[in-house]
Each structure stands twice: as structure tokens, then as C-alpha cells.
Amino acid sequence: MNGKLFKSALVCSSLLLGWQAHAGNGNGTVHFTGEIIDSTCEVTAPTQTQTVDLGKVNKSAFSGAGSTASVQAFQIDLENCPDTYKKATARFDGTEDGDGYLKLNAGGATGVAVAIYNRADNTLLKLYNQSVSADIDADGKATLPFMARYIATSATVTPGVANADSEFTITYSN
């Protein structure tokens, strides 16, 4: 009986020790790095809260889903950037209306959304994605240039107020 108990204890101990040795091989370390700085860039007052007027567009300007109308340029200007930063990007947030477009506010036109583009290379800037980066100059200033236009999201566009709102976040890099 004592022999069986000893063998059972030996087998259990071996299994436990083997498991611990195996688990030990899966351990590692995560190093978190960063820097605490005084401040970030300031968004200039005229571009911090702005209205981009896409105008009045006849619904016949849209020939089907994916067609666009009424392009308008706008930009976000930064100033007083610390020399810690060399580049800046913007990310636009809001309610998405398919393919990264900004959904119009409820109660107005339907079948249309607002598409935002990087003016630097004319590429679509989908919501929640970073824009093309802009260099911060020696004076601590940068301009992030964009375009917005209406884009049909369906074959049928109905008329009405076509407003949308987006908040933006600036991200910096060295």
C-alpha cells in the first residue's frame, strides 16, 4: 500500500513540476517607454471649431452610389508646438455611414454622407484613421490640409438638410 501511495505521489509531483517548467518557458517582460512633456501643439482658434460649407447641391448631381459632389478644402493649423515633435496627424471621429464616410445628422437628406480626403495626396481619410502626416516647422507650426465632399451611399438620394459633425484628435511623432 505504501509503495502504491509513494508511486502515485511521485507521478503527481512529476506532472506538476513538468507543467511548471513548461509554463516557465512562456514568461517574458514588457517594457513600457515614453516621455512626460510640458505641452502639445495648440490648434489655432480659427481652425479649432470650424464650419465647412459644402453648399446646396441638386440631388441630380449624384449619378449613383459612390458619385461625389461639392468638394471644399479646409485645414487644421497648429502653432506653439514644442520642439519634441516633428510631425502631426489628425484623426476624425463620428458616426460612420459605410466605407469610413461621415454619416449625416438625422432628419435630413438620405443616401448621402460626407467623405474626408487628405489634400496632400487626394486619398480618402476614413473615420478613425490617421491622416497623412504634416511636418512641424522650426517655428513650431504645421498645417494639416483636407478636402470634404458629399458622396452618394446609395442609388437613391433624397433632398434635405445635409449636415454632419466630426471631432478630431491630433497625434504627434518625432
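According to mature numbering (1 follows the signal peptide of the UniProt record, and there is no 0), the sequence shown holds residues -23 to -1, 1 to 151 in order. Ideal placement from N, C-alpha and C gives every residue a C-beta, glycine not left out.
Annotation: Ala42 to Ile14 spans about 46 Å, alpha carbon to alpha carbon. Considering only Tyr62, Gly88, Ala50, Thr45, the residue with the shortest C-alpha distance to Met124 is Ala50. Pairing Asn106 with Tyr78, the inter-Cα distance amounts to about 11 Å.
The beta carbon of Glu12 sits closer than 8 Å to the beta carbons of Thr61 from its chain, once the five residues preceding and following it are set aside; these are given in chain order.
In the DSSP assignment, the residues bridged to Gln107 are Arg68.
The bridge partners DSSP lists for Gln52 are Pro122. By the CB criterion at 9 Å, Thr120 and Ala111 fall inside the cutoff.
When DSSP reads this structure, Asn95 sits in a beta bridge with Thr100, Phe123. By the C-beta density criterion, Phe39 is buried, having at least 16 other C-beta atoms within 10 angstroms.
Between Val89 and Thr133, the alpha-carbon positions lie close to 9 Å from each other.
Within a 10 Å sphere around the beta-carbon of Thr130 sit 16 or more other beta-carbons, which makes this residue buried. The alpha-carbon separation between Ala83 and Gly137 amounts to approximately 10 Å. With respect to Ala86, Ala139 sits close: the two C-beta atoms are nearer than 9 Å. Residue pairing from DSSP places Thr146 in a beta bridge opposite Arg68.
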